[in-house]
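Asker: Protein sequences appear in the order of chains A and B. Using my numbering, the first residue of the first sequence is number 59, and each one after it goes up by one. Using my numbering, the first residue of the second sequence is number 59, and each one after it goes up by one.
There are 2 protein chains.
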Amino acid sequence: MNVRIASQRPIGVFDSGVGGLTVLRALRRRFPGESFLYLGDTARLPYGTKSAATVQRYALNAARHLEEHGVRLLVVACNTASSYALPELAAASSVPVVGVVEPGVRAALALGVRRIGVLGTEGTIRSGSYQSTLAALDGRPEVRAAACPLFVPLAEEGWGDHPVTDQVARHYLAPLLRWRVQALILGCTHYPLLRPSLERVAGPDVHLVDSASAVADAVAASFGDTESAGSGEVHIHLTDASDHFLRVARMILEAPPGHLEVVTLPQA
Amino acid sequence: MNVRIASQRPIGVFDSGVGGLTVLRALRRRFPGESFLYLGDTARLPYGTKSAATVQRYALNAARHLEEHGVRLLVVACNTASSYALPELAAASSVPVVGVVEPGVRAALALGVRRIGVLGTEGTIRSGSYQSTLAALDGRPEVRAAACPLFVPLAEEGWGDHPVTDQVARHYLAPLLRWRVQALILGCTHYPLLRPSLERVAGPDVHLVDSASAVADAVAASFGDTESAGSGEVHIHLTDASDHFLRVARMILEAPPGHLEVVTLPQA
Numbered sequence: 059m060n061v062r063i064a065s066q067r068p069i070g071v072f073d074s075g076v077g078g079l080t081v082l083r084a085l086r087r088r089f090p091g092e093s094f095l096y097l098g099d100t101a102r103l104p105y106g107t108k109s110a111a112t113v114q115r116y117a118l119n120a121a122r123h124l125e126e127h128g129v130r131l132l133v134v135a136c137n138t139a140s141s142y143a144l145p146e147l148a149a150a151s152s153v154p155v156v157g158v159v160e161p162g163v164r165a166a167l168a169l170g171v172r173r174i175g176v177l178g179t180e181g182t183i184r185s186g187s188y189q190s191t192l193a194a195l196d197g198r199p200e201v202r203a204a205a206c207p208l209f210v211p212l213a214e215e216g217w218g219d220h221p222v223t224d225q226v227a228r229h230y231l232a233p234l235l236r237w238r239v240q241a242l243i244l245g246c247t248h249y250p251l252l253r254p255s256l257e258r259v260a261g262p263d264v265h266l267v268d269s270a271s272a273v274a275d276a277v278a279a280s281f282g283d284t285e286s287a288g289s290g291e292v293h294i295h296l297t298d299a300s301d302h303f304l305r306v307a308r309m310i311l312e313a314p315p316g317h318l319e320v321v322t323l324p325q326a
Numbered sequence: 059m060n061v062r063i064a065s066q067r068p069i070g071v072f073d074s075g076v077g078g079l080t081v082l083r084a085l086r087r088r089f090p091g092e093s094f095l096y097l098g099d100t101a102r103l104p105y106g107t108k109s110a111a112t113v114q115r116y117a118l119n120a121a122r123h124l125e126e127h128g129v130r131l132l133v134v135a136c137n138t139a140s141s142y143a144l145p146e147l148a149a150a151s152s153v154p155v156v157g158v159v160e161p162g163v164r165a166a167l168a169l170g171v172r173r174i175g176v177l178g179t180e181g182t183i184r185s186g187s188y189q190s191t192l193a194a195l196d197g198r199p200e201v202r203a204a205a206c207p208l209f210v211p212l213a214e215e216g217w218g219d220h221p222v223t224d225q226v227a228r229h230y231l232a233p234l235l236r237w238r239v240q241a242l243i244l245g246c247t248h249y250p251l252l253r254p255s256l257e258r259v260a261g262p263d264v265h266l267v268d269s270a271s272a273v274a275d276a277v278a279a280s281f282g283d284t285e286s287a288g289s290g291e292v293h294i295h296l297t298d299a300s301d302h303f304l305r306v307a308r309m310i311l312e313a314p315p316g317h318l319e320v321v322t323l324p325q326a
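1) So is the beta-carbon of arginine 67 (chain B) under 7 angstroms away from any non-hydrogen atom of the ligand GTP?
2) Should arginine 62 (chain A) go down as buried or exposed, given a rule of 16 or more other Cβ atoms within 10 Å for buried?
3) Could you compute how far the alpha carbon of histidine 229 (chain A) sits from the alpha carbon of threonine 223 (chain A)?
4) At a CB distance below 9 angstroms, what residues from the region 150 to 182 of chain A approach chain B? Give them in sequence order.
5) In chain order, what residues of the same chain have a beta carbon less than 8 angstroms from the beta carbon of glutamate 200 (chain A), not counting five sequence neighbours either side?
6) Beta-carbon of glutamate 319 (chain B) versus every beta-carbon of chain A: anything under 8 angstroms?
7) Tell me, please, whether the CB atom of glutamate 146 (chain B) is closer than 8 angstroms to any CB atom in chain C?
8) Looking only at DSSP bridge pairs, what is glycine 70 (chain A) linked to?
9) If you compare alpha carbons, which of A:Val267, A:Leu296, A:Gln325, A:Ala260 is closest to glutamate 319 (chain A)?
10) Could you check if leucine 169 (chain B) is buried or exposed, using at least 16 other CB atoms within 10 Å of its CB as the buried criterion?
11) Decide if the region 73 to 82 of chain B is in contact with the region 127 to 136 of chain B; the criterion is three or more beta carbon pairs, one per stretch, under 8 angstroms apart.
12) Kindly indicate if chain A contains any beta-carbon less than 8 angstroms away from that of serine 185 (chain B).
13) Output the distance between the C-alpha atoms of aspartate 283 (chain A) and glycine 91 (chain A), rounded to the nearest integer angstrom.
14) Here's the rule: buried if 16 or more other CB atoms are within 10 angstroms of the residue's CB, otherwise exposed. What is histidine 123 (chain B)?
15) For glycine 162 (chain B), name the three-state secondary structure that DSSP assigns.
16) Can you say whether arginine 236 (chain A) is buried or exposed, counting buried as having 16 or more other CB atoms within 10 angstroms of its CB?
17) 8 angstroms is my cut-off, CB to CB: does proline 211 (chain A) come that close to chain B?
18) In the DSSP assignment, find the alpha helix (DSSP H) that holds serine 302 (chain B) and state where it starts and stops.
19) Pick from B:Ala260, B:Arg184, B:Ala121: whose alpha carbon is nearest that of valine 155 (chain B)?
20) Please report how far the alpha carbon of histidine 317 (chain B) lies from the alpha carbon of serine 152 (chain B), in whole angstroms.
21) Do alanine 165 (chain B) and valine 239 (chain B) have their C-beta atoms within less than 8 angstroms of each other?
22) Of all the CB atoms in chain B, is at least one closer than 8 angstroms to the CB of valine 292 (chain A)?
23) Between the region 109 to 116 of chain A and the region 290 to 307 of chain B, do at least 3 Cβ pairs fall closer than 8 angstroms?
24) Looking at the C-beta of asparagine 102 (chain B), does it have a partner C-beta in chain A at a distance below 8 angstroms?
25) I want to see whether chain A comes within less than 8 angstroms of aspartate 298 (chain B), judged by CB atoms only; does it?
26) To the nearest angstrom, how far is it from the Cα of tyrosine 142 (chain A) to the Cα of alanine 260 (chain B)?
27) Can you pull out the residues from the region 87 to 116 of chain B whose beta carbon lies closer than 7 angstroms to at least one beta carbon of chain A?
28) List the residues of chain B whose Cβ lies closer than 9 angstroms to the Cβ of proline 207 (chain A), in chain order.
29) Give the DSSP-derived three-state secondary structure of leucine 266 (chain A) in the structure shown.
30) Quick one: what's valine 320 (chain A) bridged to in DSSP?
31) State the DSSP-derived secondary structure class of glutamate 26 (chain B), mapped to helix, strand or coil.
32) Within 10 angstroms of its Cβ, does aspartate 99 (chain A) collect 16 or more other Cβ (buried), or is it exposed?
33) Please state the DSSP three-state secondary structure of aspartate 283 (chain B).
34) Beta carbon of proline 211 (chain B), beta carbon of proline 211 (chain A): below 8 angstroms?
35) Comparing alpha-carbon positions, which option in A:Phe89, A:Arg87, A:His127, A:Leu144 lies nearest arginine 115 (chain A)?
36) Quick check: what's the CA-CA separation for leucine 192 (chain B) versus phenylalanine 89 (chain A)?
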C-alpha cells in the first residue's frame with residue numbers, strides 16, 4: 059500500500075514586493091487547502107533596476123528566511139529574481155524551487171503562435187532569460203522583447219485602466235505591434251494589473267499571457283506524491299510595511315492582507 | 059592672528075540613489091575647490107515609498123559610511139531622508155548635517171508669495187516636513203502639498219520633456235493650479251530633471267523652486283572658519299551599480315561619473 063504523505067508545511071512565495079501577490083492569488087484559487095507564507099522584500103524593492111549580483115544576494119536572503127520558516131516549496135514569484143538567480147536559488151535550497159519564467163514561456167508556446175513578445179523590467183529583459191528559455195524549449199517562434207520601466211509604478215499608482223498607461227503602453231509596444239506580434243508574455247508580476255490598458259493598446263488579435271496560472275501548473279507538477287493537509291492560512295511577511303505597500307497589497311488581494319508581519323531577513 | 063584651518067576632508071553628499079547628483083552638481087559649481095564623496099544607496103532605493111523606520115535605519119547606515127570615510131560635513135541630498143531622519147542623523151553624527159527641506163523652504167519664502175505648493179514623494183508629503191518647516195519659519199503663506207509617485211520613474215526614464223510627463227503633471231498639479239498656487243517647491247532631487255514639462259504645465263506665473271542652490275547657501279553658512287584646500291575631486295560610492303543607475307547618473311552629470319566604487323554599508 060502506498061502511503062501518501064500529507065504535509066502541513068506551507069508553500070513559500072517570494073517577490074521583491076507585493077506584485078507577486080498576483081501569483082499568490084492564482085495559487086490560492088488552485089490549492090485552497092494549502093497554507094502559504096508570502097515574503098515581499100519591500101524594504102529593498104524594486105529589483106528590476108538593480109544588478110544581477112545584488113538581485114542574487116537579495117534572493118538568497120529571502121530563500122533562507124523562507125526555509126527557516128519551514129516552507130516545503132519555494133515559488134519565486136518575481137521575474138527579475140527568476141531571471142537572475144534561479145540556478146543560485148536551486149543550488150542553495152533544500153526544497154524544490156519554481157520560477158515564473160519557464161511556466162510563462164510554456165503558456166505562450168501552447169498558443170502555437172510564431173511571433174512572441176516579452177514585456178518585463180530592465181533586469182528581466184537584459185538577462186535574456188525569456189529569450190533563452192524560449193529558444194531551449196522550442197526554436198521555431200521568433201521572439202522580441204521590450205523593457206517597460208514605467209509599468210510597475212503605473213500599476214502601483216492604480217492606473218491599470220488609464221489614458222496615461224495607454225499612452226506609455228503605445229510607446230513601449232509600438233515596435234512589437236509593427237512587427238505584428240501575436241502573443242505578449244506579461245513578464246512581471248505587476249503587469250496583470252495593467253490588463254485593461256494593455257488589451258486596449260494591443261488589440262483583440264494579440265494574446266496576453268499571464269504566467270500566474272501557468273505557475274500553478276508547475277507547482278502542481280512538483281508536489282509529486284504528497285497532498286495538502288494545510289490550514290489554508292496565508293501569512294504575509296514584508297521587510298517594510300509602509301502605507302504605500304499595504305494599499306497596493308489590498309488592491310491586488312481585493313481584501314485587507316490577513317496575518318501580516320514585518321521581518322528582517324538574514325544577511326548572506 | 060587668526061589661523062584659518064584648511065581642510066582636505068571631503069564634503070559628504072548622501073541620497074537614496076542618483077537623484078542627489080543634481081545637488082552635487084550645484085555644490086561643485088559653487089565650491090569648485092572642494093572634494094566631494096557622494097553616496098547613493100542604489101541597492102535599496104527608492105526611499106519615497108518606504109516607512110519612516112526603514113528610511114531612518116538606511117540613512118543612519120549611510121551617514122556612518124560617510125563618517126568612516128572622513129567627511130567633514132554631511133549633506134542629506136534626499137528629501138525623504140531629510141523629512142524622516144534629520145534629527146536622528148544630527149544626533150548620531152559628529153559632523154554638521156545639512157538637509158534639503160529647510161533650504162528649499164527658505165528659497166520659497168524669499169519669493170514673498172502667499173500660496174506655496176510642495177511636490178514630493180509619498181514619504182516626504184506624508185511626513186509633513188515641508189508644511190511644518192514653513193509654518194515654523196513664517197506662518198503667513200498658505201501651503202498645500204501633492205504626492206507625485208510617478209515623477210521619479212519618469213525622470214529616470216529621461217522623460218523630463220515629454221507629453222506623458224505633461225499629462226501626469228496635469229493630473230498631480232490640477233488641485234494646486236485651481237487654487238492658483240504661486241510657487242511650487244520641487245521637493246525631490248529628481249524633479250529638476252522634469253523642469254521642461256513642469257514649466258509647461260504650471261505656466262509662466264508659477265515659480266518653480268529647486269532647492270539645490272539653496273542647499274549650497276546652507277553649506278556655505280556651515281563652513282564657519284575653514285576654507286577649502288581640497289583637490290576638487292569627486293568620488294562616487296553606490297551600493298549597486300547597474301547599467302540603469304549609471305545611465306541616469308550620466309544624464310544628470312552630463313558626463314560619465316568619475317571615480318566610482320560599489321560599496322557595502324555598515325548595518326545598524
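Using N, Cα and C, we set each Cβ at its ideal position, and we do this for glycine too. Small disclaimer: the values here were computed from a predicted structure and weren't measured.
Answerer: Considering the structure as presented:
1) No copy of the ligand GTP appears in this structure; indeed no ligand is present at all.
2) Bear in mind that the predicted position of arginine 62 (chain A) carries a pLDDT of just 40, short of 50, making it too unreliable to give a figure here.
3) If I take the Cα positions, the gap works out to 10 angstroms.
4) Glu180, Gly181
5) So the list reads Arg172, Arg173, Ile174, once near-sequence residues are dropped.
6) no
7) Going by chain labels, chain C is absent from the structure shown, which instead holds the protein chains A and B.
8) Paired residue(s): A:Leu95, A:Leu132.
9) For glutamate 319 (chain A), the closest of A:Val267, A:Leu296, A:Gln325, A:Ala260 by C-alpha to C-alpha distance is A:Leu296.
10) exposed
11) yes
12) no
13) Only weak support is given to the placement of aspartate 283 (chain A): the predicted model assigns it a pLDDT of 45, under 50, and the question is left unresolved by the model.
14) Around the C-beta of histidine 123 (chain B), 16 or more other C-beta atoms lie within 10 Å, and the residue is accordingly described as buried.
15) Helix.
16) exposed
17) yes
18) Just to set this straight, residue 302 (chain B) is histidine in the shown sequence, not serine. Looking at the DSSP string, the run of the alpha helix (DSSP H) that includes histidine 302 (chain B) is 301 to 311.
19) B:Ala121
20) 26 angstroms
21) no
22) Answer no: the Cβ-Cβ gap between valine 292 (chain A) and chain B never drops below 8 angstroms.
23) yes
24) Residue identity check: residue 102 (chain B) is arginine in the sequence provided, not asparagine. Chain A contact via Cβ: present.
25) yes
26) 42 angstroms
27) Those residues of the region 87 to 116 of chain B that come within reach of chain A (Cβ to Cβ, closer than 7 angstroms) are Ala101, Arg102, Thr107, Lys108, Ser109, Thr112.
28) Pro211, Glu214, Glu215, His302
29) strand
30) A:Leu296
31) Given a span of 59 to 326 for chain B in the structure shown, any question on residue 26 (chain B) remains unanswerable.
32) buried
33) In this prediction, aspartate 283 (chain B) scores a pLDDT of 45, lower than 50, which makes its location untrustworthy; no coordinate-derived value is stated.
34) yes
35) A:Leu144
36) 54 angstroms
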